[in-house]
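Read in the working numbering, the sequence shown has 458 at position 458, and its numbers run on one by one without any break.
All residues carry an ideal CB built from backbone N, CA and C; glycine is no exception.
Predicted model, so just to flag it, every value in this text is computed and none were measured.
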Amino acid sequence: MKIKKLGVCTLGVCLFLITGLHAQKPSLAEIVSDLQTQIHQSDGSQKLQLLDSLSYLTRDMAKFQYDSIVKETVAYAIELDSFDLANRQAARLVWSLTNRLGKPNEGKAYFEEFDAKQLPVIDNKLLARFYLNGGDSYYFSEDIEKAIEIYDLASSYALKANDSILYGISRKYIADAYIRMGNLVDASRMLQEVEAIYRNTKDTIRLVNTKSSRADLYSMNGFYEEAKAERNEALALSKAVNYESGIINSLLNESIDNSIEDDTETMIKNLNEALQYAQNSTEVKDRYEPQILNKLLQGYSEINDLEKATEIYKKLQENPERNTQGYFEDIHHKSLALFYLTKKDLPNALTYATKYYNYHSTNNTILEITNAHEILFQIYEAMNDSKQALYHFKKATHINDSILSLKRTKALSYYQTLYETEKRDATIASQESEITILDSKNRIKQQWMLFGGLGLLAIFLIIYLIRSKKFAQKNQELQEKFSQDLINGQEEERLRLARELHDSVGQKLMLISKQTKKIDHASIENLATSTLEEVRTISRGLHPSNLERLGFTEAVNALVYDINANTDVFFTEKIENIDTILSKEAELHVYRIIQEVLSNIVKHADAKAVKIEVQKKDKSIHVLVSDNGKGFDLTTTKKSISLGMNTLFERAKIIGSQLNINSELNKGTTVKMNIPI
């Protein structure tokens, strides 16, 4: 994350040139030392500016005690009431500890300490960045739910700053957190929102990152072909704009899937290609080369290519401070465990495998714990320690079985995909139906014009046109019936899917939840419970079970209450009890019409207030929904009527009702419907 600096570093360098104490091109250590001397001799705003310069020069460098310098800068900035500068430096330190120095717990602790001060920071962009970095510290400390809460705060400040880029970043991070939790449905929805933002702003680089997250989502659910297709798109976009991080990330993540699928040859090929890009880059080399080298050491060790593994090991040792410590220390422990196992140096292999296991046991990262058990099993088996080998084998198998069971439950994403496909196919069919109807009408007009001038064929024309008109009318009626049958069929399919989700997947998830309570595994239990709730949410979305359980009147009341509770829209409702007056089919269509109208108001109208009435009048049911939103131009809308509006009219026709929509720009919209009893 880059924070714009205005002349800070330049100021520090200029000060050294003015002092004349050093020759040209002084070393960084000399510059730092001289700046520290000047800081001790200064006070007020000059001292703060020098501290700011020193923090910038020493960023991410443990040897210069970067964290201590920033903390001193922040404390002095607060003393001088320079709260924005204090916030900027605190955000940068949290990011450095979390993303550069591999100390997310320290980053989280400092974030909490600084946040507790509740300083009067004015710049909403700075606050958005501060909470983004704070969310990272929770995310990498494995406190994912808290990370989502902090990322959401970043979103709110980004909105206040009217910064779509920062807003998109925060929503993308929330999607990543949902993926980490296995909440695939919410993650998918969030990624759709983020992709729309980046397409609108034409931000190719962040669009690439979003596609990478979607690929991770597919991969976590076991859809490796879909993940590969998404990564290929991200890779092509990255190469088109020469986005080095995007290229390397795509290759790295693809190599992870290759490893899961036991395709070691392709994994090593992708890693070597990623390494080539990293080594040819001056900008991202230090960020990616250590990770890639460690993964190559693992890969060559796993295929027992000791010569290549030793070559990679020597490269890592050329710069151990960069390649094997801090952020990369954990992955290096795993690499060394596999490397020494290949070399038959079992004591060293055991030492590093234990370090790797202990780190992830502390942080409760399930997949890495499983990997650690598998490596320890191999080491103890090679040491002929059957007792320990069996223990780690059982542990790895148990976790793998649990993960496999959970992955099976994630098949609900197939239902989500099926539902989306069904809607898309319905759109196409409805559009084709409308085109055919319009073609029929246009053909009649053309026939009248063509034969109207031919007096000698008047009788033939009359007969022909009458028959043609009847045929067109019949065809139109058939097309309308087809559209109505399509809607009814869609409802039947939704009902079937909802019941399948509830009776099949839902019951299995409930069983998994009960089983996880017996083995006392909180994280898997929470995941099973949240997945069960997602299934129920999708099931309710597919078919409104409230209609059957509560009746039409209470179902509409519940719908209004739910929207009222989750939005800022003020509702005025007058809903009479009309239960048993309409048929079950008619109740469903009226409910769907009200649901679609309210959904459109929430999504598009920017309304502050909504009025809804359902009343029995004489021999009809009167339904009215009006809002004070921005409205729309009906003449324009009719030319390109949406599937949603077309479906409203079709549903009204099915129940023999007339639907009227009145709207004016900036004056709101009113939808009226009279249903004969």
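(request) Could you please give the first and the last residue of the uninterrupted beta strand (DSSP E) stretch that includes I621? (result) For I621, the uninterrupted beta strand (DSSP E) run begins and ends at 620-627, by DSSP.
(message) Assuming contact is defined by CB atoms lying nearer than 7 Å, are G246 and M267 in contact in what I supplied?
(response) Taking 7 Å as the Cβ cut-off, G246 and M267 do not qualify as a contacting pair.
(request) Mark F552 as exposed unless 16 or more other C-beta atoms lie within 10 angstroms of its C-beta, in which case mark it buried. (result) Buried: at least 16 other Cβ atoms inside 10 Å.
(message) If I follow the unbroken beta strand (DSSP E) through G668, where does it start and stop?
(response) Segment 668-676, the beta strand (DSSP E) holding G668.
(message) How far does the beta strand (DSSP E) with V610 in it extend, from its first residue to its last?
(response) In the DSSP assignment, V610 falls within the beta strand (DSSP E) that extends over 609-617.
(message) Excluding the 5 residues flanking A609 on each side, which residues of the same chain have their C-beta closer than 6 Å to its C-beta?
(response) The beta carbon of A609 sits closer than 6 Å to those of F570, N628, all from its chain and outside the five residues before and after it, given in chain order.
(message) Relative to the C-alpha of N348, which candidate in T370, N371, I375, L367 has its C-alpha closest?
(response) Considering only alpha carbons, the answer is I375.
(request) May I have a chain-ordered list of the alpha helix (DSSP H) segments no shorter than 4 residues that lie completely inside the stretch 562-616? (result) Along the stretch 562-616, the alpha helix (DSSP H) occurs as fully enclosed runs of 4 or more residues at 584-600, listed in sequence order.
(request) In angstroms with no decimal places, state the Cα-to-Cα distance between Q276 and A396. (result) As the crow flies, the alpha-carbon of Q276 is around 34 Å from that of A396.
(request) Return the bridge partner residues of S663 from the DSSP annotation. (result) According to DSSP, which records beta bridges pairwise, S663 is partnered with T669.
(request) Name the two residues that bound the continuous alpha helix (DSSP H) containing S45. (result) Run containing S45: 44-57, per the alpha helix (DSSP H) assignment.
(message) By alpha-carbon positions, which one of A128, S141, N674, I150 ends up nearest to G135?
(response) Looking only at A128, S141, N674, I150, the smallest Cα-Cα distance to G135 is reached by I150.
(request) Go through its chain and collect everything with a Cβ distance to V623's Cβ below 6 Å, but skip five positions before and after it. (result) For V623, where only same-chain residues beyond five positions count, the Cβ hits under 6 Å are V614, M673.
(request) Return the CA-CA distance between S68 and E289, expressed in angstroms with no decimal places. (result) Spanning the two alpha carbons is a distance of roughly 28 Å.
(request) Tell me where the alpha helix (DSSP H) around A337 begins and ends. (result) Segment 329-342, the alpha helix (DSSP H) holding A337.
(message) For T370, tell me which candidate among D606, S164, T354 has the shortest Cα-Cα distance.
(response) Per the Cα distances, T354.
(message) On the DSSP bridge list, what partners appear for Q658?
(response) The partner list for Q658 (beta bridge, DSSP) reads N674.
(request) Report yes or no: do the stretch 78-97 and the stretch 24-41 share at least 3 C-beta pairs separated by less than 8 Å? (result) No, because fewer than three Cβ pairs between the stretch 78-97 and the stretch 24-41 fall closer than 8 Å, the two stretches do not touch.
(message) Which same chain residues end up closer than 6 Å to N662 when comparing Cβ atoms and leaving out the 5 residues on each side of it in sequence?
(response) T670, listed in sequence order.
(message) At the level of alpha carbons, what is the spacing between K423 and L648?
(response) Bear in mind that a pLDDT of 45 at K423, under 50, signals an unreliable position, so the model cannot answer this.
(request) Assuming L598 contacts L559 (C-beta within less than 8 Å), just tell me the rounded distance between them. (result) 7 Å between Cβ atoms; contact.
(message) Applying the 10 Å Cβ sphere with the 16-neighbour rule, what's the burial state of R129?
(response) Result: buried.
(message) Report the CB separation of V691 from R171 in whole angstroms; it is logged as a contact under 8 Å.
(response) Not covered by the structure: residue 691. The range shown for the chain is 1 to 677.
(message) Taking the beta carbon of T201 as the centre, do at least 16 other beta carbons fall within 10 Å, making it buried, or is it exposed?
(response) By the neighbour-count rule (16 or more Cβ atoms within 10 Å), T201 is not buried but exposed.
(message) Contact between the stretch 242-261 and the stretch 217-229 is defined here as three or more beta-carbon pairs at a separation below 8 Å; is this criterion met?
(response) With contact defined as three or more Cβ pairs closer than 8 Å, the stretch 242-261 and the stretch 217-229 are in contact.
(request) Return yes when the Cβ of L306 is within less than 7 Å of the Cβ of I292, no when it is not. (result) Going by C-beta atoms, I292 is not nearer than 7 Å to L306.
(request) Please name the residue in E226, F223, S250 whose C-alpha comes closest to that of A236. (result) Ranking the options by Cα distance to A236, first place goes to S250.
(message) Restricting to Cα atoms, I'd like to know which of Q388, N124, I303, N209 is closest to A175.
(response) Measuring from the Cα of A175, the nearest candidate turns out to be N209.
(request) Go ahead and label T572 buried or exposed: buried means 16 or more other beta carbons lie within 10 angstroms of its beta carbon, across all protein chains shown. (result) Classification for T572: exposed.
(message) Can you find the residues in the same chain that come closer than 8 Å, C-beta to C-beta, to L191, ignoring five residues on each side of it along the sequence?
(response) For L191, where only same-chain residues beyond five positions count, the Cβ hits under 8 Å are K172, A175, T210, S213, R214, L217.
(request) Have a look at I248, T310, L166, D263 and flag the residue whose alpha-carbon is nearest the alpha-carbon of S281. (result) It is I248 whose Cα lies nearest to the Cα of S281.
(request) Tell me whether V241 is buried or exposed, calling it buried when 16 or more other Cβ atoms sit within 10 Å of its Cβ. (result) Under the 10 Å beta carbon count, V241 is surrounded by fewer than 16 other beta carbons and is classified as exposed.
(message) Taking a contact to mean a Cβ-Cβ separation below 7 Å, would you say K630 touches N666 in this structure?
(response) Yes, Cβ-Cβ distance for K630 and N666 is below 7 Å.
(request) Flag this pair as touching only if the stretch 317-330 and the stretch 133-147 have three or more C-beta atom pairs under 8 Å; answer yes or no. (result) Contact check between the stretch 317-330 and the stretch 133-147: fewer than three CB pairs, one atom from each, fall below 8 Å, which does not count as touching.
(request) Please list, in chain order, all residues of the same chain as V94 whose beta carbon is under 7 Å from its beta carbon, the five residues on each side excluded. (result) Same-chain partners within the cutoff: G107, Y110, F111, N133, G134, S137.
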